[in-house]
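The listed protein sequences derive, respectively, from chains X and U.
First residue of the first sequence? That's 0 in numbering that gives the first Met the number 0, and the numbers climb one at a time after it.
First residue of the second sequence? That's 0 in numbering that gives the first Met the number 0, and the numbers climb one at a time after it.
For every residue, glycine included, the Cβ atom is placed at its ideal position computed from N, Cα and C.
As C-alpha cells, the structure follows; a few thoughts come after it.
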Amino acid sequence: MSRWMERTMIVFCWICGLVLLAAIATIFGYLLYQGLGTVNLRLIFGNISAVDALLLRKHVFAGLFPAMVGTLAVVTLSVGFAIPVGIASGVYMAEYARGGVKWVLGFCFDILAGVPSIVIGLFGFALAIFLHRHFSAGIYPSLFISSLSLAVLVLPYIIRSTQFALENLPAETRLIAVALGATKLQNIVYVLIPKSLSGIFSGVILAIGRCAEDTAVILLTGAVAFAGVPKSLFVQYEALPFYIYYISSQYANQQELSSGYGASIILLLICALLFFVASMTQKGVTYQALYRA
Amino acid sequence: MEKITERILTASALISAFITVLIFAFLLIFGLPLLQGGQWFGLLAQPWSPREGLYGIRPMLLGTVYISLLGMAFALPLSFGCSALISVFAPRRFGGFLRKVVQLMTGVPTVVYGFVGIFLLVPMVREIFQGGSGMCVLTASLMLAVLISPTLILFFVDGFDRVPRSYLNAVAALGGNEAQQFIFVILPNAWKSVLSGIVLAFGRAMGDTLIALMIAGNAVQVPGSVLESARTLTAHIALVIASDYDSPEFKSIFACGLTLYLFSTMMVVLIRSIGAIFGRKEK
C-alpha cells in the first residue's frame, strides 16, 4: 500500500470525524440559537403563576406544563409496568433458564427489541379497539394504553440489561454465598442482585429516556395536542414529544413556533440528563444504547 | 418460597415472550380481511389508488427501501471514518471526546432531529436544488444518516477495540504503521461487529417513523428521483391511523405493520446467524 493511499485514508477519517461533529454542532447550535430565548417559566406556565399551576388550581392553556405532566405520567406508568416484569424476566434468563428454553426466550426478546416503535404503537391501538369491543366501551386510546405500549417497547431493554448485569458477575462472587450454605434464591436476593444493581439501574434509566423521547407509540395511542393535565388513566393527554411533532406542522404563529423550539430544548435536556446519569452508573452503557430500535 | 419465586420468575419471562407473539397475532387478526386468499403479496406489489379500490402498499415499501438505503449510503462511509478515527488514528483525548459525543447522540430524541430537519435542512435543500418543497427522499435520508451513524460507529469501534493488542504490537514490531495496522489487521478481525452494526442500523433506519413522517413529504408515489417526495411504511401507519376503522385504508396499515414486523424479525435472524457463523470461526 502506497504512502499516498495511507495519507488519503487518514485525511478521509479526519474529515468524517469533523463532518459528524459539525453536523451535531449545527443541530444543537441551531436549536439553542432559535429557542434558548424562549426557555423560561413563561414557556412552561403561560400567564399563570407557577404555584397555581403546580397545585392544579388553574389550568395552563398557553404553556408546556400539561405536556410535561403528561410525559411525566406516561413515563412513570410505563416504567412502573415494565420494571417488575422486566427485572423478573431478566433474573429468570440469567439464573434459571437453560438450553433450548433460554434460546427461544432470548430470540423472542431480540425480536421484541427490534420491532419498530410505530408497530408497537399500532399494537397498542389495536389492543384499545379490541378492549373497547369486548370488555368495556370506556376504553379507547388513552394514557393507560400508551403506558402499556411504552412498557412493551422498553421491556426488552430492562430484561437484557438485568440479564447481562447478572451474567457478567465474576464466578467467585457467584460461589461465595452458596459455599456458605445459602440457597439459590438467597444467593440471588442477597448477593447477585445487590452486586449488579448499577447495571440494572442504568438499564432502567435508559428505558426512562426511551419512554420520554418516543413519539411514534404515543402518536397512535392517545397523545393529543390539547387535553390539559390528565385527570384519570383513561383520558387522552398531552406529551412533550407529541407537542414538538404537532407544532412542526400545525404552528399558527411565530410564538407557537418558538415554543416548539423551547420544547425541543427541554426534551433534549431531559434525555441528555438521563443519559449522563445512566453512563455515570455504568460505563458499559453502550450495549443498551445500541439496542434501542 | 424457592418454588413460588421460581414460578413467578418463569411466569414473567413467559409473559414477556408471549407479548412478542401477541403483537404478531394482533397485526395478523386485524389485517386478516386483506390477507385472505394470499393477497398479501398482491398488496406488496399493488399501487395505492383508493379511487380504483387498490390499496397496495408498494409505493410505501419502495419509499422505505429508498430512504433507508440512501441513508445507509451516507452513514456508512461517515461511520467508517469516524470509528477508525476514534479507535486508531485520533489522539487518545480527542478520540475519547468523539466517542462521548457519539454516545450522547444515541440519546437524542428522533422528533428533535425531525424538528430541526424541517426548519433547517428542508429550506437548505430547497435553496440548493432550486425546486420542489425541499421535503424529499434526499432530505429524509440525510437526517436519517445522522440518526443511525451513532449505532454504526459504536458497533464498529466496539469491534475494532476487541482486536487483541498483541496482534497490533506484532504489526508494529514488523515496522507497520497505524494505517497498515488498520487495513491489514483490525478490519479483517472485526467483520462480525461491522456486519452486525450494519444490519442493526439498517433495521433502525427502516423502523424509524418521525424523520420520514416529518421531512420526506409523504406523497403516495414511487419517487422518481431523490428530490421527489416519498412516504414510508411507518409514516403511512401514522397518517392513516385516524381514518374509519372498517375502511380498507385502515386495514392496509396492518399490512404495513406486518411487513415491518417480519422485516425486523428477519434482521434479528440475520444478526444471530452472523454471530453463529463468526463464533464458529473464532473457535
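The Cβ-Cβ distance between Met142 of chain U and Tyr112 of chain U falls below 8 angstroms. Among the CB atoms of chain U, none fall inside 8 angstroms of the CB of Lys194 of chain X.
Taking a beta-carbon distance threshold of 8 angstroms, Gly256 of chain U counts as an interface residue toward chain X.
In the three-state scheme derived from DSSP, where H, G and I count as helix and E and B as strand, Leu60 of chain U is classed as helix. DSSP places Val78 of chain X in the uninterrupted alpha helix (DSSP H) bounded by 64-90. Distance between His133 of chain X and Phe29 of chain U, taken at the CA atoms: about 14 angstroms. Residue-level contact by beta carbon holds for Leu30 of chain X and chain U, with a gap shorter than 8 angstroms. Annotation: the continuous alpha helix (DSSP H) that includes Lys191 of chain U extends over 190-206. Taking CB atoms only, Ala136 of chain X has no neighbour in chain U less than 8 angstroms away. DSSP links Ser48 of chain U through a beta bridge to U:Leu53. Inclusion of Pro149 of chain U and Val101 of chain U in the CB contact set at 8 angstroms is warranted, their separation being smaller than that value. Residue range 177-180 is occupied by the alpha helix (DSSP H) that includes Glu177 of chain U. Of all C-beta pairs linking the stretch 191-205 of chain X to the stretch 217-237 of chain X, fewer than three are shorter than 8 angstroms, placing the two stretches out of contact. For Ala89 of chain U, the nearest beta carbon of chain X is closer than 8 angstroms to its own beta carbon. Under DSSP, Gly216 of chain U takes part in a beta bridge, and its partners are U:Ala229. Look at the stretch 227-240 of chain X: the residues with a C-beta under 8 angstroms from a C-beta of chain U are Pro240. Shortest Cα-Cα distance from Cys255 of chain U to any of U:Glu126, U:Ile152, U:Leu43, U:Ile18 involves U:Leu43.
Residue-level contact check: Cys135 of chain U does not touch chain X, since none of the beta carbons of chain X fall below 8 angstroms from its beta carbon. With respect to the 8 angstroms criterion, Ile264 of chain X and Val103 of chain X are not classified as neighbours on the basis of their beta carbons. Under DSSP, Tyr236 of chain X takes part in a beta bridge, and its partners are X:Ala222. Ile246 of chain X is positioned such that its CB atom lies closer than 8 angstroms to that of Gly259 of chain X.
Nearest C-alpha to Trp47 of chain U among U:Glu1, U:Ile273, U:Ser263, U:Phe249: U:Phe249. Cβ neighbours of Met67 of chain X within its own chain (closer than 8 angstroms, five residues either side excluded): Ile43, Leu239, Ile265. 8 angstroms or more divides the Cβ of Pro65 of chain X from the Cβ of Val74 of chain X. Per DSSP, Leu119 of chain U lies in no alpha helix (DSSP H) and is assigned neither H nor E. For Phe200 of chain X, the enclosing alpha helix (DSSP H) covers residues 196-212. Identification of residues in the stretch 143-167 of chain X having a C-beta nearer than 9 angstroms to some C-beta of chain U yields Val151, Leu154, Pro155, Ile158, given in sequence order.
Boundaries of the alpha helix (DSSP H) around His131 of chain X: 116-133. A Cβ of chain X is located within less than 8 angstroms of the beta carbon of Gly113 of chain U. Contact check between the stretch 188-199 of chain X and the stretch 103-122 of chain X: fewer than three CB pairs, one atom from each, fall below 8 angstroms, which does not count as touching.
Just measuring C-alpha positions, the residue of U:Arg98, U:Gln179, U:Thr19, U:Pro122 sitting nearest Thr7 of chain X is U:Gln179. For Pro65 of chain X, none of the residues of chain U pass the 7 angstroms Cβ criterion, the least Cβ distance being about 18 angstroms.
Proximity of Ser11 of chain U to chain X, defined by a Cβ-Cβ separation below 8 angstroms, is satisfied.
For Met92 of chain X, the residues of chain U that pass the 8 angstroms Cβ criterion are Ala12, in the order they occur in the chain.
With three or more CB-CB distances shorter than 8 angstroms, the stretch 79-95 of chain U counts as touching the stretch 147-163 of chain U. Comparing C-alpha distances from Phe155 of chain U to each of U:Val225, U:Pro76, U:Ala139 shows the shortest one belongs to U:Pro76.
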